[in-house]
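Visitor: Quick one: the structure is below, and I'll ask about it shortly.
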Amino acid sequence: MKDEANFFERVYEIARQIPEGKVTSYGAIAKALGAARSARMVGWAMNASHGREDVPAHRVVNRIGVLSGKHHFEGTNLMQQLLENEGVKVVDNQIVDFEKHFWRPEVSEQ
DNA sequence: AATCTGACTTAGG
DNA sequence: CCCTAAGCCAGAT
C-alpha cells in the first residue's frame, strides 16, 4: 500500500482546516508544509483537488487576496459565490479586507 | 530524458 | 500596488 501522505494530500489536509469565512494564500499553505518555495505546487495540488469535496479551494487565493483560481471553478463566479456565501466580500475577483479574513495554517493550532 | 507549463512568491525599480 | 525578472518544483507531453 502506498502512503497517502503525498504532496497533494498534505495540501488538502491544510485546506480542510480552513474555517468558514476565512481564506489563506498558497504561500502560507506551502510554508505550513515546510516548502515555502513550492507555493506553485500548492496551486498545482488544488488543480488535482477537483472531486474532493473536503478541499475548499475557493478559500485559497494568492498573496494579495485575488481569486486567481476562480477561472478553474465551474461557471465564471462560483468561487466568488462560495466565498460570499461564507461572509467573505469579493469585489472584482479580489477579497475585501483580505487581511481580516486571512487565516494562517501555521498558526491554526492556536 | 528533455522541455514546457503553471490556481505563486519575492526582489528590485 | 504596478511592472519585470527570476526562482521554484512537480506534473504533463
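Sequential numbering of the first sequence, starting at 566, is according to our numbering. Beta carbons: idealized from backbone N, C-alpha and C, even for Gly.
Under the DSSP definition of a beta bridge, which residues are partnered with M625?
Guide: Residue identity check: residue 625 is Val in the sequence provided, not Met. Answer is T589.
Visitor: What residue from R602, H666 and P621 has the CA that sits closest to E578's CA?
Guide: Closest option to E578, Cα to Cα, is P621.
Visitor: If you check the beta carbons only, do V655 and Q645 fall under 7 Å apart?
Guide: Cβ distance < 7 Å, so V655 and Q645 count as in contact.
Visitor: When we look at the beta-carbon of A601 and count the other beta-carbons within 10 Å, is it buried (16 or more) or exposed?
Guide: When all chains shown are included, A601 counts as exposed.
Visitor: Tell whether a beta-carbon distance below 7 Å holds between S603 and A595.
Guide: Cβ atoms of S603 and A595: closer than 7 Å.
Visitor: Whole-angstrom Cβ separation of G586 and G630, contact assumed at under 8 Å?
Guide: Not really, about 14 Å apart at Cβ, beyond 8 Å.
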